[in-house]
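Asker:
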Amino acid sequence: RTQQNLPDADHYPADEFVLPEGLEVNLWAKSPLFYNPTNMDIDYKGRIWVAEGRNYRGKRTQPEGDRIVVLEDKDGDGTADSSHVFVQEKTFISPLGVAVVDNKVIVSQPPDLIVYTDVNRNARFEEGVDEREILLTGFSGANHDHSLHSVTVGPNGQYYFNHGNKGSQVTDKEGWQLNAGSFYGMKQVSGKPSSDGQIYTGGVALRVNQDGTGMRPIGHNFRNSYEQAVSSLGDVFQNDNDDPQACRTTWLMEYGNLGFTSKNGLRNWRADQMPDQTTAVAEWRQEDPGVIPAGDVYGGGSPTGIAFYENGIMEDRFGGYVISCEPARNVLFGYHPQAHGAGLTLTKRDIFLTSNPKKNFAGADFSGRGSVKGLMHLFRPSDVTIGPDGAIYVADWFDAVVGGHGTRDVGQTGAIYRIAPRGATLSIPRFDLATTEGQIDALKSPSPNVRELGRARLAASGQKVIPSVRALLQNPNRFIRGRAIWILAKLGTKGLEIVEEQLNDKDPQIRICAFRALRHEKHRILEHASSLAKDSSPLVRREVALAMRYLPFDTSRDILLEIADRYDGKDRYYLEAFGIGCTNKEDKIYQVLKKRRQSSGYDPVYGGLVWRLQPASSISELMGWAIDGGLEDSIRRSMLFAISLIEAPQAAWAMVEVARSQSEKTAALAELFIDKRDQGIWNAYNAKSMLHGRKVISDFSQTQNESVPEGFENVRRIKISVLPGLKFNTNQISAKAGEKVAIDFLNDDPSGMMHNLAIITPGSSQTVIDAAISMGVNGFEKNFIPEIPELLDSTPQIGAGMEYTLYFSVPQEPGDYHFICTYPGHGLIMQGIFSVK
1 RTQQNLPDAD HYPADEFVLP EGLEVNLWAK SPLFYNPTNM DIDYKGRIWV AEGRNYRGKR
61 TQPEGDRIVV LEDKDGDGTA DSSHVFVQEK TFISPLGVAV VDNKVIVSQP PDLIVYTDVN
121 RNARFEEGVD EREILLTGFS GANHDHSLHS VTVGPNGQYY FNHGNKGSQV TDKEGWQLNA
181 GSFYGMKQVS GKPSSDGQIY TGGVALRVNQ DGTGMRPIGH NFRNSYEQAV SSLGDVFQND
241 NDDPQACRTT WLMEYGNLGF TSKNGLRNWR ADQMPDQTTA VAEWRQEDPG VIPAGDVYGG
301 GSPTGIAFYE NGIMEDRFGG YVISCEPARN VLFGYHPQAH GAGLTLTKRD IFLTSNPKKN
361 FAGADFSGRG SVKGLMHLFR PSDVTIGPDG AIYVADWFDA VVGGHGTRDV GQTGAIYRIA
421 PRGATLSIPR FDLATTEGQI DALKSPSPNV RELGRARLAA SGQKVIPSVR ALLQNPNRFI
481 RGRAIWILAK LGTKGLEIVE EQLNDKDPQI RICAFRALRH EKHRILEHAS SLAKDSSPLV
541 RREVALAMRY LPFDTSRDIL LEIADRYDGK DRYYLEAFGI GCTNKEDKIY QVLKKRRQSS
601 GYDPVYGGLV WRLQPASSIS ELMGWAIDGG LEDSIRRSML FAISLIEAPQ AAWAMVEVAR
661 SQSEKTAALA ELFIDKRDQG IWNAYNAKSM LHGRKVISDF SQTQNESVPE GFENVRRIKI
721 SVLPGLKFNT NQISAKAGEK VAIDFLNDDP SGMMHNLAII TPGSSQTVID AAISMGVNGF
781 EKNFIPEIPE LLDSTPQIGA GMEYTLYFSV PQEPGDYHFI CTYPGHGLIM QGIFSVK
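Sequential numbering of the sequence shown, starting at 1, is according to the numbering used here.
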């Protein structure tokens with residue numbers, strides 16, 4: 001420390017912390033009992049298991065490998081007095097996770113998620129006696145903190161965990177494969193679908209059965225979420241790191257895309273940032289459809305461990321409280337999540353514990369790495385967890401710097417603090433797990449992984465424990481009620497019936513928990529979803545929408561339409577949940593919504609739904625709103641974001657036309673999108689060439705030959721012109737079969753765009769549009785009039801203010817033909833019916 005010009009100390013003094021009134025901090029353990037804590041967990045005996053990171057990056061001070069160390073307060077005086085090594089392996093290089101679940105110890109050491117079974121329960125791994133299993137493998141990022149993180153047991157008994165954006169290619173015990181890559185890691189699998197057909201990018205949150213089967217993603221596209229906290233109701237909270245720019249704490253809506261990279265993972269946020277976007281908006285792509293709200297974005301930092309307090313000695317003040325470590329700011333943040341619309345928001349951020357109340361930050365990427373001046377800057381909380389005694393335990397990495405893979409602490413010391421009400425007498429509860437009463441007591445533990453001892457035994461006991469578990473439904477703490485619901489769902493028909501009764505509970509969070517538990521057991525999901533789609537709470541309807549994600553259109557159609565009918569036009573969480581529920585059926589849902597629509601003007605409900613669905617077939621509507629001068633700039637802007645994310649040539653050409661529109665602001669934004677997407681998803685569509693190649697179009701200003709073709713001297717004349725917004729002045733033309741007509745087409749579009757009018761066969765609009773687009777840059781020479789049988793006749797492209805007469809022999813076969821402008825992008829909107837009778 002003398003090299004750092006800092007006081008000679010190995011921990012921050014407990015009595016100097018700032019924390020809420022009525023609480024106190026005590027030093028529970030410090031080096032040399034352990035070193036450099038990356039993560040920790042607490043078992044049912046109150047022992048703290050620490051994952052050490054002495055070999056982090058270039059240090060390599062432990063040639064025998066890093067360790068999992070067990071700390072214990074044997075005399076019960078509130079301070080650890082012993083430690084020993086559970087396991088040490090040469091392959092351990094700063095493992096970032098340790099979880100203790102009964103006699104199983106789960107270590108997160110890339111590329112593996114390792115489960116040790118302590119058969120003789122002596123808290124020491126002994127080869128030949130105990131068991132070691134690689135549960136999952138394929139996580140990239142050895143000796144890198146953007147890799148595999150810790151495991152938490154959820155209320156359903158599954159392991160929840162995540163990895164950062166170093167990526168992975170992992171196959172579970174049933175053969176289900178996750179492919180998760182990005183520009184930062186595992187680039188070779190970036191954009192490659194996983195076994196469910198979906199593309200996952202960057203950091204991914206997952207859950208898996210304890211036997212390694214049933215692995216499924218529950219969220220993705222993070223940068224580096226260090227850990228997750230799972231509530232007894234089934235909600236997941238996490239933080240996410242991006243060094244100096246825009247760190248965040250987030251409620252993770254199931255299946256949510258959190259927006260760090262592009263859809264295929266290959267473009268970072270800076271490459272796609274628009275000039276007027278803030279870092280927080282651009283980095284988490286908050287204007288992109290398909291991305292959930294970012295949560296509390298607080299700026300520079302380097303968040304690590306996270307916990308969720310539910311019950312215990314402090315539940316009167318902190319029941320339902322998220323606690324998140326932020327070592328770059330020397331602080332633990334706290335949040336009481338609030339229901340807002342369909343989501344849970346973290347709008348009020350508390351300072352739960354800090355060594356630096358004046359916020360003079362130093363030693364981090366965002367605050368100057370060389371400016372550390374005192375002990376207050378050395379408190380670097382790496383993890384937080386809830387003890388079985390109801391206290392909150394905080395691990396301190398204790399270093400002058402954080403972020404950028406840097407360390408300066410030569411001694412590699414660390415500390416663990418205990419936070420509890422001032423003067424409280426704390427004890428570790430003892431329970432007899434051989435009895436139902438003891439199992440209930442374990443289930444009621446404040447400590448998440450300790451609760452699993454009770455949950456697993458109760459769930460395996462069958463209907464005989466139903467009365468004891470059912471009694472918990474009367475508990476005033478909603479989280480304990482939630483724990484009972486998950487177990488009852490596993491106790492046969494009678495248990496399921498009791499869970500179904502909770503679907504009528506007055507608390508929407510309990511209704512959600514019951515639906516989640518029933519869904520986990522695959523019990524009458526469609527029946528319950530059909531009913532709950534009409535629930536008064538948007539929170540409940542959100543959960544129903546998410547449950548439709550993997551169901552086919554015919555099965556989920558009516559439920560999704562019910563959800564859509566209750567959208568308020570504003571709630572982003574609700575809208576994203578609806579979109580997630582429509583996965584792989586966006587176009588079919590869009591067609592139904594469009595057919596049912598009552599009005600023709602823009603409204604935020606229908607417009608929002610189309611914006612989120614954004615199938616290629618919706619481009620004409622999105623484009624129409626984007627160039628509608630009567631709409632607010634924010635609406636027109638949002639439509640451009642939607643168009644820009646559609647990987648189809650029609651989208652590229654539509655953006656070209658918007659870039660030529662009269663609105664200077666909208667046109668400028670469209671041109672920026674063309675410039676960015678031309679390097680990405682529109683690379684093959686020549687949009688940039690189209691935008692800048694208009695001068696080479698073949699003789700648009702030609703004068704028409706004034707001679708009238710034979711047989712057309714005295715025919716009926718039909719006059720068609722152009723309205724603002726890429727519209728013909730009529731939606732329908734009528735003619736008799738075999739009739740000869742003269743169509744006088746006047747291009748009086750005030751925007752100055754070129755247009756033509758083509759007559760095409762019934763139902764061939766998309767074919768003609770695609771054919772015109774496929775002409776690419778070469779289409780300039782042929783007026784973008786494709787030579788295909790579906791196109792019966794056409795005017796050339798004519799310039800603004802010009803008129804051209806098309807002499808046309810109406811087909812003999814009656815039917816609804818169409819007229820259309822074939823210029824790329826225009827035909828999406830500019831078309832009508834040519835009715836032949």
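Ideal Cβ placement from N, Cα and C applies to all residues, glycine included.
Can you give, in chain order, each stretch of the beta strand (DSSP E) that sits fully within the region 649–733 and has at least 3 residues?
Answerer: Counting whole runs of 3 or more residues, the region 649–733 contains the beta strand (DSSP E) stretches 716–720.
Asker: Taking the alpha helix (DSSP H) that I855 belongs to, which residues open and close that run?
Answerer: Outside the displayed range of the chain (1 to 837) lies residue 855, so it cannot be described from this structure.
Asker: Would you check if the distance between the CB atom of F834 and the CB atom of Y817 is smaller than 8 Å?
Answerer: One-based indexing of the sequence shown puts residue 834 at position 834. One-based indexing of the sequence shown puts residue 817 at position 817. A contact, by the Cβ cut-off of 8 Å.
Asker: Quick one: what does DSSP say K570 is sitting in, helix, strand or coil?
Answerer: Against the sequence shown, residue 570 aligns to sequence position 570. If DSSP states are grouped into helix, strand and coil, K570 belongs with coil.
Asker: Among residues of its own chain, excluding the 5 on either side of C325, which ones have a beta-carbon nearer than 6 Å to its beta-carbon?
Answerer: As a working note, residue 325 is residue 325 in the sequence shown. Cβ within range, chain order: T304, G305, L332, P381, V384.
Asker: What separation, rounded to the nearest whole angstrom, lies between the Cα atoms of A651 and T213?
Answerer: Your numbering for residue 651 matches position 651 in the sequence shown. Your numbering for residue 213 matches position 213 in the sequence shown. Spanning the two alpha carbons is a distance of roughly 40 Å.
Asker: When DSSP labels each residue in this structure, what does F784 get in the three-state scheme?
Answerer: For this step, residue 784 is matched to residue 784 along the sequence shown. The answer is coil: DSSP assigns F784 none of H, G, I, E or B.
Asker: Which residue from K570, S599, D587, I93 puts its Cα closest to that of G608?
Answerer: As a first step, residue 608 must be located in the sequence shown, where it is residue number 608. The option with the nearest alpha carbon to G608 is K570.
Asker: Between which two residues does the beta strand (DSSP E) carrying T345 extend?
Answerer: Locating residue 345 in the sequence shown gives position 345, where the first residue counts as 1. Counting along the chain, the beta strand (DSSP E) containing T345 begins and ends at 343–345.
Asker: For Y590, which of helix, strand or coil comes out of DSSP?
Answerer: Taking the first residue of the sequence shown as 1, we reach residue 590 at position 590. Reduced to three states, the DSSP call for Y590 is helix.
Asker: Could you check where the beta strand (DSSP E) with G832 kicks off and where it finishes?
Answerer: One-based indexing of the sequence shown puts residue 832 at position 832. Where G832 is concerned, the enclosing beta strand (DSSP E) stretches over 831–836.
Asker: So for M40, helix, strand or coil by DSSP?
Answerer: Looking up residue 40 in the sequence shown gives position 40. Here M40 sits in strand by DSSP.
Asker: If distances are taken between C-alpha atoms only, which option among L791, P796, T79 comes closest to N783?
Answerer: Reading the sequence shown from its first residue, position 783 is the one you call residue 783. When only C-alpha atoms are compared, the closest one is P796.
Asker: Nearest chain C C-beta to H826 closer than 8 Å, yes or no?
Answerer: In the structure shown, chain C does not exist; there is a single protein chain.
Asker: Rounding to the nearest angstrom, what Cα-Cα distance links N731 and G832 in this structure?
Answerer: For this step, residue 731 is matched to residue 731 along the sequence shown. For this step, residue 832 is matched to residue 832 along the sequence shown. Near 5 Å, if we compare the C-alpha coordinates of G832 and N731.
Asker: Kindly indicate which three-state DSSP category N257 falls into: helix, strand or coil?
Answerer: As a working note, residue 257 is residue 257 in the sequence shown. The answer is strand: DSSP assigns N257 an E or B state.
Asker: Smallest Cα separation from K740: which of P724, L443, S367, Y807?
Answerer: As a first step, residue 740 is located in the sequence shown; it is residue number 740 there, counting from the start. Nearest of P724, L443, S367, Y807 to K740, Cα basis: Y807.
Asker: A415: which of G815, A51, E803 sits nearest, CA to CA?
Answerer: For this step, residue 415 is matched to residue 415 along the sequence shown. Closest by alpha carbon: A51.
Asker: Across which residues does DSSP place Q853 in a beta bridge pair?
Answerer: As shown, the chain starts at 1 and ends at 837. That puts residue 853 outside it, with no answer to give.
Asker: Select from D75, N165, A533, V100 the residue whose C-alpha is nearest the C-alpha of I68.
Answerer: For the purposes of this step, residue 68 is identified with residue 68 of the sequence shown, where counting begins at 1. Residue V100 is the option with its Cα nearest to I68.
Asker: Return the CA-CA distance between D699 and M754, expressed in angstroms with no decimal places.
Answerer: Taking the first residue of the sequence shown as position 1, residue 699 is located at position 699. Taking the first residue of the sequence shown as position 1, residue 754 is located at position 754. Unreliable positioning characterises D699 in this predicted model, as indicated by a pLDDT of 44, which lies under 50. A coordinate reading is not provided.
Asker: Assign T555 to one of three DSSP states: helix, strand, or coil.
Answerer: The residue labelled residue 555 in the question sits at position 555 within the sequence shown. DSSP places T555 in helix when its eight states are reduced to three.
Asker: State the beta-bridge partners of T201 as determined by DSSP.
Answerer: By 1-based counting over the sequence shown, the position of residue 201 is 201. T201 is bridged to G181.
Asker: Using a Cβ-Cβ cut-off of 7 Å (strictly less than) and excluding sequence neighbours within five positions of F34, which residues of its own chain qualify?
Answerer: Taking the first residue of the sequence shown as position 1, residue 34 is located at position 34. Once the five neighbours on either side are set aside, the close Cβ partners of F34 are V50, E52, V69, L71, S83, G414.
Asker: In its own chain, which residues sit with a C-beta less than 6 Å from the C-beta of D15, not counting the 5 before and 5 after it?
Answerer: The residue labelled residue 15 in the question sits at position 15 within the sequence shown. Nothing listed; no residue qualifies.
Asker: Compare the Cα-Cα distances from P604 to each of L622, Q88, D196 and report the closest residue.
Answerer: For this step, residue 604 is matched to residue 604 along the sequence shown. Comparing Cα-Cα distances from P604 to each of L622, Q88, D196, the minimum goes to L622.
Asker: Would you kindly report the start and end of the unbroken beta strand (DSSP E) that includes S324?
Answerer: In the sequence shown, the residue the question calls residue 324 occupies position 324. 321–326 is the span of the beta strand (DSSP E), which, as asked, contains S324.
Asker: In terms of residue numbering, what span does the beta strand (DSSP E) encompassing Q766 cover?
Answerer: Against the sequence shown, residue 766 aligns to sequence position 766. Counting along the chain, Q766 falls outside any beta strand (DSSP E), though it belongs to the alpha helix (DSSP H) covering 765–774.
Asker: Taking the beta carbon of S701 as the centre, do at least 16 other beta carbons fall within 10 Å, making it buried, or is it exposed?
Answerer: Position 701 of the sequence shown, counted from the start, is the residue given in the question as residue 701. Confidence at S701 is low in this model, with a pLDDT of 42, below 50, so its placement is unreliable and the value that follows should be read with caution. So S701 counts as exposed.
Asker: Given a cut-off of 8 Å, decide if G454 and A442 are closer than it, judged by their beta-carbon atoms.
Answerer: Residue numbering aside, residue 442 sits at position 442 when the sequence shown is read from its first letter. Residue numbering aside, residue 454 sits at position 454 when the sequence shown is read from its first letter. Closer than 8 Å, so yes.
Asker: Quick one: Cα of C513 to Cα of V499, how far?
Answerer: Reading the sequence shown from its first residue, position 513 is the one you call residue 513. Reading the sequence shown from its first residue, position 499 is the one you call residue 499. Their backbone Cα atoms lie some 9 Å apart in a straight line.
Asker: Could you tell me which of R478, L473, T435 sits nearest to L458, measuring between CA atoms?
Answerer: Position 458 of the sequence shown holds residue 458. Looking at the Cα atoms, T435 is the closest of the given residues.
Asker: Determine the direct distance from the alpha carbon of Y200 to that of D76, and round the result to whole angstroms.
Answerer: In the sequence shown, counting from the first residue as 1, residue 76 sits at position 76. In the sequence shown, counting from the first residue as 1, residue 200 sits at position 200. Going by the sequence as given, residue 76 is Gly instead of Asp. When rounded, the distance between both Cα atoms is 47 Å.
Asker: How big is the Cα-Cα spacing for V322 and A229?
Answerer: To locate residue 322, count along the sequence shown from 1; it is residue 322. To locate residue 229, count along the sequence shown from 1; it is residue 229. Answer to the nearest angstrom: the Cα atoms are 8 Å apart.
Asker: Would you report the Cα separation of F237 and T250, rounded to the nearest angstrom?
Answerer: The residue given as residue 237 occupies position 237 in the sequence shown. The residue given as residue 250 occupies position 250 in the sequence shown. Computed Cα separation, rounded: 6 Å.
Asker: Using DSSP bridges, identify the partner residues of K104.
Answerer: In the sequence shown, counting from the first residue as 1, residue 104 sits at position 104. Paired residues: V101, T117.
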